[in-house]
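J.: Mind having a look at this structure? Questions to follow.
There are 2 protein chains.
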Amino acid sequence: MRESIFLIGAGNVGYHLGRHLVDRGCRVTGVFSRSIEKAQALSELTGIPHCHTFNEIDPTADLYLLAVSDAAIAPAARSLYQMGIRDKLLAHTSGATPSSVLRPYSTRYGVFYPLQTFSRERVLDFSKIPLCIQANGKEDEALLFHLGERLSEAVYRIDDQQRAVLHVAAVFVNNFTNHLFQAGWDILERESLSFDLLRPLIEETAAKVLAYRPSDMQTGPAVRGDQATVDRHLEYLQEQPQLQELYRLLTRHINPDLEV
Amino acid sequence: MRESIFLIGAGNVGYHLGRHLVDRGCRVTGVFSRSIEKAQALSELTGIPHCHTFNEIDPTADLYLLAVSDAAIAPAARSLYQMGIRDKLLAHTSGATPSSVLRPYSTRYGVFYPLQTFSRERVLDFSKIPLCIQANGKEDEALLFHLGERLSEAVYRIDDQQRAVLHVAAVFVNNFTNHLFQAGWDILERESLSFDLLRPLIEETAAKVLAYRPSDMQTGPAVRGDQATVDRHLEYLQEQPQLQELYRLLTRHINPDLEV
Numbered sequence: 004m005r006e007s008i009f010l011i012g013a014g015n016v017g018y019h020l021g022r023h024l025v026d027r028g029c030r031v032t033g034v035f036s037r038s039i040e041k042a043q044a045l046s047e048l049t050g051i052p053h054c055h056t057f058n059e060i061d062p063t064a065d066l067y068l069l070a071v072s073d074a075a076i077a078p079a080a081r082s083l084y085q086m087g088i089r090d091k092l093l094a095h096t097s098g099a100t101p102s103s104v105l106r107p108y109s110t111r112y113g114v115f116y117p118l119q120t121f122s123r124e125r126v127l128d129f130s131k132i133p134l135c136i137q138a139n140g141k142e143d144e145a146l147l148f149h150l151g152e153r154l155s156e157a158v159y160r161i162d163d164q165q166r167a168v169l170h171v172a173a174v175f176v177n178n179f180t181n182h183l184f185q186a187g188w189d190i191l192e193r194e195s196l197s198f199d200l201l202r203p204l205i206e207e208t209a210a211k212v213l214a215y216r217p218s219d220m221q222t223g224p225a226v227r228g229d230q231a232t233v234d235r236h237l238e239y240l241q242e243q244p245q246l247q248e249l250y251r252l253l254t255r256h257i258n259p260d261l262e263v
Numbered sequence: 004m005r006e007s008i009f010l011i012g013a014g015n016v017g018y019h020l021g022r023h024l025v026d027r028g029c030r031v032t033g034v035f036s037r038s039i040e041k042a043q044a045l046s047e048l049t050g051i052p053h054c055h056t057f058n059e060i061d062p063t064a065d066l067y068l069l070a071v072s073d074a075a076i077a078p079a080a081r082s083l084y085q086m087g088i089r090d091k092l093l094a095h096t097s098g099a100t101p102s103s104v105l106r107p108y109s110t111r112y113g114v115f116y117p118l119q120t121f122s123r124e125r126v127l128d129f130s131k132i133p134l135c136i137q138a139n140g141k142e143d144e145a146l147l148f149h150l151g152e153r154l155s156e157a158v159y160r161i162d163d164q165q166r167a168v169l170h171v172a173a174v175f176v177n178n179f180t181n182h183l184f185q186a187g188w189d190i191l192e193r194e195s196l197s198f199d200l201l202r203p204l205i206e207e208t209a210a211k212v213l214a215y216r217p218s219d220m221q222t223g224p225a226v227r228g229d230q231a232t233v234d235r236h237l238e239y240l241q242e243q244p245q246l247q248e249l250y251r252l253l254t255r256h257i258n259p260d261l262e263v
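Here it is, written out as structure tokens:
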């Protein structure tokens, strides 16, 4: 018999996990969310029954997937424990939180971390999303691994330390990159130029590193050592000191020989 | 009769421009490149005759497209001038160089700037590439605009000042972004983790801003004000001071309330 899964959380991660688990034929017996709207949205899409108070949670599931914010992981696990759910497998879905925060609340715990940025508006091909799996026992690790394989072609065994490192790297390539996109937006907005001018460039910048090492794809005035262009850019950015500061630091990192 | 085009330069931009001009039925009567290999590569693909010395250049073309590095634009225009090519339309393809560098060498000059990052390995859908057009006369502007429309659905009239601004913004969203991708690579490499773990995230990060404003898509510990995660990340980066410096600055810019 296949394991039954109870989903805690119907935010961005919970929503996408829930719908893809159901799509792939997994047994999701319920979803808990403090937000009635969020739980209903997932319920309506998937048919998963939803509830909003902890004592409505089905205590007989085999796996409790905690798709909640980092700060809510331990409190959610504690609530399950207080309900008497103590020998069941708990797994959170976070990149930033060690699995050990679950240890006080069950002898069986692990992580089921999809390394992707989720937003409700976008439907993702889950089969391409790297799933980082970890558990404190071999059997539970196998259970999470096989569950991962139902969703994705890219399932990895990743321990707490590795996942913490992945999360730092993800901040660079996702959060910080997105902030640079906004810098581009801000620069164009001052001149009433459309961000559409940059969108194909952004798309191609990302597409290039899907097949190559980023440093092999590095172009632009900094890596060329084009001091004249760098000077012109810094002068232009004089009135936007934050962007100028960012330009200086990134240029210096790309090419320490430049004067910035 | 359609205008005849002579292409100066067979580097990344020249190569892609040459092949797409021919694909779209434009009359490209020759390509000049100092590099025999590069000129031959384009010739073999397109049938455009190639040459390697300036005095072999056809002096009867209607338009000379200077797809050369920024530093080589003025010298190339000067060489054409010295050959007697003086009343023909010259247009360079650079984002960083003002059109006025061509003024000493012809009464008719302009810019034909495809806002994209080109590499030989990747075939691009030219119809989506923004083409930034400028000329010092209305007729020549119309000529370049219509030529642009043969290649792309996104042709814009962009003056020198606007193009300079676009180029600054392009450095942020392309060069600097790519450098952050390499930072992600470096972080994973230290722990022998595969960059493949980050590639779907990179793809989705870019895909999101194709439809949305980047700041609306901002996620992560900085924008959440998650000081504990930021502290953990900074501690982890202690041994990589350059990355730590970058992390501090970007985090401070995303959220000035955090202590970094």
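Going line by line, the protein sequences match chains D and L. Quick note on our numbering: the first sequence kicks off at 4 and runs consecutively. Quick note on our numbering: the second sequence kicks off at 4 and runs consecutively. Cβ atoms here follow ideal geometry from the backbone N, Cα and C, with glycine treated the same way.
(1) Per DSSP, residue 67(L) forms a beta bridge with which residues?
(2) Give every residue of the same chain whose Cβ lies closer than 6 Å to the Cβ of residue 257(D), excluding the five residues on either side of it in the sequence, and list them in chain order.
(3) Against chain D, does residue 181(L) count as a neighbour if the rule is that its beta carbon must be under 8 Å from one of theirs?
(4) From residue 265(L) to residue 14(L), what distance separates their C-alpha atoms?
(5) Given a limit of 7 Å on CB to CB distance, which residues of the stretch 165-178 of chain L reach chain D?
(6) Taking Cβ to Cβ, would you say residue 127(D) is nearer than 8 Å to residue 136(D)?
(7) Answer yes or no: do residue 122(D) and residue 141(L) have a C-beta to C-beta separation smaller than 8 Å?
(8) Here's the rule I'm using: 16 or more other beta-carbon atoms within 10 Å means buried, otherwise exposed. How should residue 205(L) be labelled?
(9) Using the Cα positions of residue 11(D) and residue 196(L), report the straight-line distance between them to the nearest angstrom.
(10) If we cut at 8 Å on Cβ distances, does residue 37(D) have a partner in chain L?
(11) According to the neighbour-count rule (16 or more other Cβ atoms, all chains shown, within 10 Å of its Cβ), is residue 213(D) buried or exposed?
(12) Within the same chain, show all residues whose beta-carbon is closer than 7 Å to that of residue 48(L), passing over the 5 residues directly before and after it, in chain order.
(13) For residue 153(D), which residues from the same chain have a beta carbon less than 7 Å from its beta carbon, with the 5 sequence-adjacent residues on both sides left out?
(14) Roughly how many angstroms lie between the CA atoms of residue 18(L) and residue 194(D), to the nearest whole one?
(15) According to DSSP, is residue 190(L) helix, strand or coil?
(16) Starting from residue 250(L), follow the alpha helix (DSSP H) in both directions and report where the run begins and ends.
(17) If you pair each beta-carbon of the stretch 227-244 of chain D with each one of the stretch 229-237 of chain L, do three or more pairs fall below 8 Å?
(18) What does residue 202(L) touch in chain D if you count any residue whose Cβ is under 8 Å from its own?
(19) Need the endpoints of the beta strand (DSSP E) that residue 134(D) sits in, please.
(20) Determine, using beta-carbon pairs with one atom in the stretch 78-92 of chain D and one in the stretch 47-64 of chain D, whether at least three such pairs fall under 8 Å.
(21) Report the partner residues of residue 117(D) according to the DSSP bridge assignment.
(22) What are the residues in the stretch 123-151 of chain L lying within 9 Å of chain D by C-beta distance?
(23) In terms of residues, what are the limits of the beta strand (DSSP E) holding residue 33(D)?
(24) Does the beta-carbon distance from residue 9(D) to residue 176(L) come in below 8 Å?
(25) Looking only at its own chain, which residues have a Cβ that is under 7 Å from the Cβ of residue 260(L), when we skip the five neighbours before and after it?
T.: Concretely, from the data shown:
(1) Numbered from its first residue, the second sequence carries residue 67(L) at position 64. Per DSSP, 9(L), 93(L).
(2) Within the first sequence, numbered from 1, the residue matching residue 257(D) stands at position 254. The answer, listed in chain order, is 225, 226.
(3) As a first step, residue 181(L) is located in the second sequence; it is residue number 178 there, counting from the start. Closer than 8 Å to some Cβ of chain D, the Cβ of residue 181(L) qualifies, so yes.
(4) In the structure displayed, chain L extends from 4 to 263; residue 265(L) sits before or after that span and is not available.
(5) Cβ contacts with chain D: 165, 167, 168, 169, 171, 172, 173, 174, 175, 176, 177, 178.
(6) Here residue 127(D) refers to the residue found at position 124 of the first sequence. Here residue 136(D) refers to the residue found at position 133 of the first sequence. Not closer than 8 Å, so no.
(7) Here residue 122(D) refers to the residue found at position 119 of the first sequence. Here residue 141(L) refers to the residue found at position 138 of the second sequence. No, the pair does not count as a contact, with Cβ atoms beyond the cut-off.
(8) Here residue 205(L) is taken as the residue at index 202 of the second sequence, counted from 1. Answer is buried; the Cβ neighbour count reaches 16.
(9) One-based indexing of the first sequence puts residue 11(D) at position 8. One-based indexing of the second sequence puts residue 196(L) at position 193. Using only the alpha carbons, I get a separation of about 30 Å.
(10) To locate residue 37(D), count along the first sequence from 1; it is residue 34. The beta carbon of residue 37(D) sits no closer than 8 Å to any beta carbon of chain L.
(11) Looking up residue 213(D) in the first sequence gives position 210. Classification for residue 213(D): exposed.
(12) As a position in the second sequence, residue 48(L) is number 45, starting the count at 1. 22, listed in sequence order.
(13) Against the first sequence, residue 153(D) aligns to sequence position 150. Answer for residue 153(D): 27, 29, listed in chain order.
(14) Here residue 18(L) is taken as the residue at index 15 of the second sequence, counted from 1. Here residue 194(D) is taken as the residue at index 191 of the first sequence, counted from 1. So the alpha carbons of these two residues sit roughly 31 Å apart.
(15) Sequence index remark: in the second sequence, residue 190(L) carries index 187 (1-based). Residue 190(L): helix per DSSP, three-state reduction.
(16) As a working note, residue 250(L) is residue 247 in the second sequence. Taken as a continuous stretch (DSSP letters only), the alpha helix (DSSP H) holding residue 250(L) covers 244-257.
(17) no
(18) For this step, residue 202(L) is matched to residue 199 along the second sequence. By Cβ distance, chain D contributes 212, 213.
(19) Looking up residue 134(D) in the first sequence gives position 131. Note, residue 134(D): beta strand (DSSP E), 134-138.
(20) In this structure the stretch 78-92 of chain D lies against the stretch 47-64 of chain D, because at least three pairs of beta carbons, one per stretch, are closer than 8 Å.
(21) Numbered from its first residue, the first sequence carries residue 117(D) at position 114. Residue 117(D) pairs with 134(D).
(22) 124, 125, 127, 128, 131, 132, 133, 135
(23) As a working mapping, residue 33(D) is identified with position 30 in the first sequence. That run of the beta strand (DSSP E) goes 30-35.
(24) As a position in the first sequence, residue 9(D) is number 6, starting the count at 1. As a position in the second sequence, residue 176(L) is number 173, starting the count at 1. No; because the gap between Cβ atoms is not below 8 Å, this pair is not in contact.
(25) The residue labelled residue 260(L) in the question sits at position 257 within the second sequence. Same-chain partners within the cutoff: 228.
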